[in-house]
Amino acid sequence: MLEIKKLEVGYGAISALHGISLSVPAGSIVTLIGSNGAGKTTTLKTVSGLLKPKSGEIFYDGKNISGLPPHEIVARGLSHVPEGRMIFANLTVLENLSMGAYLVCDKKIIQRELQFVFATFPRLKEREKQIAGTLSGGEQQMLAIGRALMSQPKFLMLDEPSLGLAPLLVKTIFEKIVEINRERGLTILLVEQNANRALEISHFGYVLETGKITLSGNSASLRQNSQVKSAYLGGS
Ligand SMILES: Nc1ncnc2c1ncn2[C@@H]1O[C@H](COP(=O)(O)OP(=O)(O)O)[C@@H](O)[C@H]1O
Ligand SMILES: [Mg+2]
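What the sequence shown shows, in my numbering, is residues 69 to 304, in sequence order.
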């Protein structure tokens, strides 16, 4: 479904991605793990059209989407939940969700998507009139995912959804990701520093180190890999 080929991205003269290649098959959860500064966010921003690649290609459903503007990429069914959530703190939960559907004109479809988001995250329904900035971290993450779902994506990119959350909420968020994948058939590219959990719920994984893919494979085998264990799984 998504195929990244020899992608090179930089900030000015500084190169952040040195020709990475990866693929995300339709219906799967693929995780990209790596420590701080490895280039995970840069990868997602480039797929979303927020950064322009220096070279390389990004194919989505067989079509080259590299260099397209972000709104055209959203319109093709790719949606990005950014690092740090980036919700509109002064708007209500409902207003934030409506913003996610800005490309959808049909009110019936918007209502249907909203009901789906509320079914997935009942907490958001309870708090639909609450100002988003006053939500807890976990609720804000649910809102950020819910907002992304409002654009009716087929492909969802999540940038460190567990960052800064208490362990119990991390568990909930990861369960929801699995639910969205299984019940909605959404293909998911999950970026995480929490390698253990990410490899637990994903089908395939890639390890990114300073802009290069150093390891890849099915997630179960990566969890057994001694390099992955010592670098990302706390030696456990
Ligand atoms: N706006 C920017 N300007 C210059 N360098 C940046 C910018 N954003 C990220 N970088 C650099 O690019 C590299 C990859 O960053 P990033 O993709 O954010 O990593 P990760 O998400 O894996 O923590 C880092 O060396 C970082 O310092
Ligand atoms: Mg990042």
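Every residue gets a Cβ at the ideal spot worked out from N, C-alpha and C, and that includes glycine. Computed from a prediction, not measured in an experiment: that's the story for all the values here.
Discussion item. By DSSP's criteria, Y300 is part of a beta bridge. Which residues make up the other side?
Written reply: Taking the first residue of the sequence shown as 1, we reach residue 300 at position 232. Per DSSP, none; premise fails for Y300.
Which of helix, strand or coil DSSP assigns to I178 | Here the question's residue 178 lines up with position 110 in the sequence shown. Helix at I178.
Answer yes or no: the CB of T109 versus the heavy atoms of ligand 2, is any distance below 6 Å? Looking up residue 109 in the sequence shown gives position 41. Yes, Cβ of T109 sits closer than 6 Å to a heavy atom of ligand 2.
For the alpha helix (DSSP H) containing S166, name the first residue and the last one. Working through the sequence shown from its first residue, we reach residue 166 at position 98. Its alpha helix (DSSP H) spans residues V161 to G168.
Quiz item: Who are L257's beta bridge partners in DSSP?
Solution: Translated into the one-based positions of the sequence shown, residue 257 becomes position 189. The partner list for L257 (beta bridge, DSSP) reads V98 and M225.
* Extent of the continuous beta strand (DSSP E) run through T282 -> Your numbering for residue 282 matches position 214 in the sequence shown. That run of the beta strand (DSSP E) goes K280 to N286.
Which residues share a DSSP beta bridge with E277?
-> Working through the sequence shown from its first residue, we reach residue 277 at position 209. Beta-bridge pairing links E277 to K280.
**Message:** Tell me the rounded alpha-carbon separation between K108 and F127.
**Reply:** Stepping through the sequence shown from its first residue, residue 108 is reached at position 40. Stepping through the sequence shown from its first residue, residue 127 is reached at position 59. So the two alpha carbons sit approximately 18 Å from each other.
Can you find the residues in the same chain that come closer than 6 Å, C-beta to C-beta, to S304, ignoring five residues on each side of it along the sequence? Taking the sequence shown and counting its residues from 1, one reaches residue 304 at position 236. In this prediction, S304 scores a pLDDT of 41, lower than 50, which makes its location untrustworthy; no coordinate-derived value is stated.
Item to complete: Specify the secondary structure class of K74 as computed by DSSP and reduced to three states.
Response: For the purposes of this step, residue 74 is taken as the residue at position 6 of the sequence shown. Strand, per DSSP.
*Spatial neighbours of E277 within its chain, please: CB distance less than 8 Å, with the 5 preceding and 5 following residues excluded, ordered by chain position.*
One-based indexing of the sequence shown puts residue 277 at position 209. Correct list, in chain order: G102, S103 and A106.
- Task: To the nearest angstrom, report how far apart E71 and S284 are at their CA atoms.
- Result: The residue you call residue 71 lines up with position 3 of the sequence shown. The residue you call residue 284 lines up with position 216 of the sequence shown. In a straight line, the C-alpha of E71 is about 14 Å away from that of S284.
Check the Cβ-Cβ distances between T110 and every residue of chain B, and say whether any is below 7 Å. Reference to chain B is not applicable here, since this structure consists of a single protein chain.
Measure the Cβ-Cβ separation of L257 and A266 and say whether it is below 7 Å. The residue given as residue 257 occupies position 189 in the sequence shown. The residue given as residue 266 occupies position 198 in the sequence shown. Cβ atoms of L257 and A266: not closer than 7 Å.
| query | Roughly how many whole angstroms lie between the Cα atoms of Q292 and T255? | reply | Translated into the one-based positions of the sequence shown, residue 292 becomes position 224. Translated into the one-based positions of the sequence shown, residue 255 becomes position 187. The straight-line gap from Cα to Cα measures roughly 24 Å.
Exercise for the section: Mind reading off the beta-carbon distance from A211 to I248? Whole number of angstroms is fine, and I expect it under 8 Å. Expected result: Position 143 of the sequence shown, counted from the first residue, corresponds to residue 211. Position 180 of the sequence shown, counted from the first residue, corresponds to residue 248. Rather than Ala, the amino acid found at residue 211 in this sequence is Leu. At roughly 14 Å, the Cβ-Cβ gap does not stay under 8 Å, so L211 and I248 are not in contact.
Worksheet item: Which residues in the same chain have their Cβ closer than 7 Å to the Cβ of E181, if we skip the five residues on either side of it in sequence?
Response: Mapped onto the sequence shown, residue 181 falls at position 113. Within the same chain, E181 has close Cβ partners A169, L217, M218 and Q220.
* To do: Please work out which residues of its chain come closer than 7 Å, Cβ to Cβ, to K113, disregarding the five sequence neighbours upstream and downstream, and give them in chain order.
  => Here residue 113 corresponds to residue number 45 of the sequence shown, with the count starting at 1. If we look at K113 and ignore the five residues flanking it on each side, its Cβ neighbours are L119.
Mapping DSSP to helix, strand and coil, what is L119? Mapped onto the sequence shown, residue 119 falls at position 51. L119: coil per DSSP, three-state reduction.
field: Straight-line gap, E163 to V149 (C-alpha atoms, nearest Å)
entry: As a first step, residue 163 must be located in the sequence shown, where it is residue number 95. As a first step, residue 149 must be located in the sequence shown, where it is residue number 81. So the alpha carbons of these two residues sit roughly 17 Å apart.
Could you name the residues of the same chain whose beta carbon sits closer than 6 Å to that of Y274, not counting the 5 residues immediately before and after it, in chain order? What you label residue 274 is simply residue 206 of the sequence shown in a count that begins at 1. These residues qualify, in order along the chain: L90, L100, I281 and S284.
task: For the beta strand (DSSP E) holding L146, just list the boundary residues, first then last.
output: Along the sequence shown, one-based indexing puts residue 146 at 78. Counting along the chain, the beta strand (DSSP E) containing L146 begins and ends at L146 to V149.
Test item: CB-CB of P138 and S123 under 7 Å
For the purposes of this step, residue 138 is identified with residue 70 of the sequence shown, where counting begins at 1. For the purposes of this step, residue 123 is identified with residue 55 of the sequence shown, where counting begins at 1. No.
- request: Below 7 Å CB to CB, which residues in the same chain sit around P93 once its five sequence neighbours on both sides are set aside?
  value: Residue numbering aside, residue 93 sits at position 25 when the sequence shown is read from its first letter. Only M69 meet the Cβ criterion.
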